[in-house]
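Residue numbers (our numbering): 11 to 197. Just below is one structure, and these are the notes that go with it.
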């Protein structure tokens with residue numbers, strides 16, 4: 011109920027044309043690619059992903075648009091303990107999550123010189139910039155199994171952020187927007 015109300019609370023103050031699209035089936039990477047494809051077919055300038063388990067202020071989309079970045083997400087928390095953000099720092103030794111002590115107070119694209127990778131729970135994408143620079147597919151869930159190690163995966167959001175960086179687009183995070191991530195409690 012919180013999320014649907016949050017979605018509709020943005021419409022009266024929107025400074026942009028809005029079309030709501032829902033996912034088509036269970037494959038998250040497919041859905042994100044399909045929504046971008048559909049938005050491009052409709053000549054949309056931006057896509058804003060808002061997962062159904064997110065709560066946010068009604069000015070969120072306007073605030074993200076005002077940053078004028080090719081890709082910008084929000085500092086949301088993962089639904090687990092210890093509390094961490096859905097932001098990873100892509101260091102030469104591998105990606106790592108960040109906690110409260112490392113979260114900058116203003117919008118950022120790097121931490122200690124390393125690029126950030128942001129979850130798509132709430133993410134605004136400038137379709138023209140991404141479509142001009144980044145080859146498709148933009149989102150892909152990758153699994154890996156290295157020898158005797160336990161199999162794992164790279165989420166579609168991390169894959170997208172790495173691909174954007176690889177092709178010359180910065181990924182930003184706005185930590186100033188206070189949101190909630192619905193789980194066992196509001197993270």
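From the three backbone atoms N, C-alpha and C, an ideal C-beta is built for every residue, glycine too. Values in this document were obtained by computation on a predicted structure and should not be read as measured data.
Query                                                                                                                   : Result
Option in 118, 189, 153 and 178 with minimal Cα separation from residue 162                                             : 153
Own chain residues within Cβ distance below 6 Å of residue 149, not counting five before or after                       : 39, 42, 43, 166 and 170
C-alpha gap between residue 110 and residue 144, whole angstroms                                                        : 31 Å
Given residue 72 as reference, the closest of 89, 95, 56 and 121 once Cα atoms are compared                             : 56
Test item: CB-CB of residue 139 and residue 179 under 8 Å                                                               : yes
DSSP-derived helix/strand/coil call for residue 187                                                                     : coil
Nonlocal neighbours in the same chain, by C-beta distance under 6 Å from residue 79, ignoring five residues either side : 182
Under 8 Å between C-beta atoms of residue 131 and residue 91                                                            : no
Closest Cα partner of residue 104 within the set 86, 126 and 85                                                         : 126
Rounded distance between the beta-carbons of residue 187 and residue 66, thought under 8 Å                              : 7 Å
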